[in-house]
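Q: This structure is in structure tokens; I'll ask about it shortly.
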Amino acid sequence: MFRWNDLATVNACLNAISALFLLLGHRAIGRFEIDRHRRLMVAAAVTSAVFLASYLTYHARAGSMHFAGQGLVRPVYFAILISHTILAAAVPPLALRTLYLGWKRRDDRHRRLARWTYPIWLYVSVTGVVVYLMLYRLYAPGGLR
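Here this note's numbering is used: the sequence shown runs in plain steps of one and ends on residue 251.
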């Protein structure tokens with residue numbers, strides 16, 4: 107049976123898949139595989155868009171979960187969460203603009219912006235998984251702690 111908390115796991119998986127597409131896309135452009143790079147970056151964007159829709163649905167239905175960790179892990183969690191949240195707000199406009207410039211083959215401008223977009227987007231995707239693990243698996247009631 108489906109539970110709304112299951113959507114948090116789906117969201118973490120979507121973040122992980124997006125990060126994988128970003129890494130593979132970065133590798134592809136480093137090898138001058140432009141068509142492969144394009145496909146992978148579009149896949150990362152679609153995966154991130156599906157994540158965003160799922161994330162908003164989850165939080166509209168299930169609300170927020172409070173972090174249960176204590177001690178040194180607590181400020182570490184909140185430092186990751188705050189940096190993740192601030193940078194996550196920048197990803198959609200950065201990613202859309204970078205994708206647009208790449209699609210239109212405005213390569214110099216695309217490359218300049220992608221130097222900022224790629225690490226921010228990758229950081230947000232990876233830290234999304236880290237936040238999920240800390241919140242729902244490691245320090246949740248009944249978690250691994």
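All C-beta atoms in this analysis are idealised placements derived from N, C-alpha and C, irrespective of residue type, glycine included.
Is the beta carbon of Thr-163 closer than 8 Å to that of Ser-253?
A: Residue 253 lies beyond the residue range present for the chain, which begins at 107 and ends at 251; the question has no answer from this structure.
Q: Ala-168 to Val-236, Cα distance in whole Å?
A: Taking the straight line from one Cα to the other gives about 20 Å.
Q: Taking Cβ to Cβ, would you say Leu-207 is nearer than 8 Å to Leu-219?
A: Closer than 8 Å, so yes.
Q: Look at Leu-113 and Phe-173 and say whether their C-beta atoms are less than 8 Å apart.
A: No, they are not a contact pair.
Q: Output needed for Ala-122: all residues of its chain with C-beta closer than 7 Å, excluding positions within five of it in sequence on either side, in chain order.
A: Val-235, listed in sequence order.
Q: Mind pulling the alpha helix (DSSP H) runs of 4 or more residues that sit fully within the region 153-238?
A: For the region 153-238, whole alpha helix (DSSP H) runs of length 4 or above, ordered along the chain, are 179-209, 213-238.
Q: At the level of alpha carbons, what is the spacing between Asp-214 and Phe-184?
A: One C-alpha to the other measures close to 37 Å.
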